[in-house]
Amino acid sequence: MLMLLVHWEGDAGGIRINGTDYKLAQIHWHSPSEHTVNGTRYDLEGHLVHKSADGGIAVIGILYKIGRADRFLSQVLKSVKSVTEEGTDLGNITPKDIRFSRNAYYRYIGSLTTPPCTEGVIWTVVKEVRTASLEQVKALKEAVHDVSLSSILF
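Number 154 marks the last residue of the sequence shown (the UniProt record's numbering); no jumps.
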């Protein structure tokens with residue numbers, strides 16, 4: 001399983017759920033997807049991890065199937081090519097290029113999928129399945145295989 005993690009420094013935007021504000025802290029990807037919908041596992045899944053002032057966690061899951069290249073992934077992959085070591089600062093990448101429907105989603109209370117597997121996480125999985133090119137999915141896998149990208153800073 002692949003995992004690429006992107007942290008933001010400063011304000012990268014946020015979401016509001018039931019009156020609580022959550023700030024975007026990081027995005028990471030898994031391939032294949034961790035969530036399935038009606039038994040279908042997708043080629044890629046992005047997790048937009050948000051944190052509230054009181055330590056609450058809300059994650060937006062975005063599923064990808066193979067198809068047209070994704071604009072945001074293109075931006076990330078362009079920067080990832082310059083990584084030579086863990087913790088590399090890749091400059092300016094804006095999460096505004098992540099576009100998805102905010103009206104159609106699945107929501108449940110669960111846990112983080114990686115240690116420490118914190119419980120009480122609000123999961124929102126977007127129903128609209130995005131596309132990523134086969135080349136993008138392969139490039140993400142290659143980047144993680146070649147270099148540990150667990151703490152890239154943006």
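Each residue gets a CB set at the ideal place from its N, CA and C atoms; glycine is no exception.
Because the structure is a prediction, the values reported are computed rather than measured.
With a CB to CB cut of under 8 Å and the five nearest residues on each side skipped, what residues in its chain are close to residue i?
i    : result
E135 : A69
G14  : D21, Y22, K23, L24 and H50
For residue i, write down the residues that DSSP places opposite it in a beta bridge.
i           : result
I57         : K51
residue 166 : Nothing about residue 166 can be read from this structure; the chain reaches only from 1 to 154.
I109        : I122
G39         : For G39, which the question treats as bridged, DSSP gives no partner whatsoever.
G46         : W29 and I62
So, is residue i buried or exposed, given that buried needs 16 or more other C-beta atoms within 10 angstroms?
i    : result
F154 : Caution is warranted here: a pLDDT of 31 is assigned to F154, below 50, making its placement in the model unreliable, and the coordinate value is therefore given only provisionally. Buried, by the Cβ-count rule.
A12  : buried
R99  : exposed
R55  : A small fix is needed here, since residue 55 is Gly in this sequence, not Arg. G55 should be labelled exposed.
What span of residues does the beta strand (DSSP E) with residue i cover, start to end?
i   : result
K23 : T20 to S31
Below 7 Å CB to CB, which residues in the same chain sit around residue i once its five sequence neighbours on both sides are set aside?
i    : result
Y105 : T124, V125, V126 and K127
E34  : E45 and T113
T118 : I57, S111 and L112
Counting only the same chain and skipping the five closest in sequence on each side, list residues whose C-beta sits under 6 Å from that of residue i.
i   : result
A58 : I17, Y22, H50 and I122
What span of residues does the alpha helix (DSSP H) with residue i cover, start to end?
i   : result
R71 : R71 to V80
_Across the segment 120-136 and the segment 95-112, are there enough close Cβ pairs to call them in contact, namely three or more that are closer than 8 Å?_
Counting Cβ pairs under 8 Å, three or more are found: they touch.
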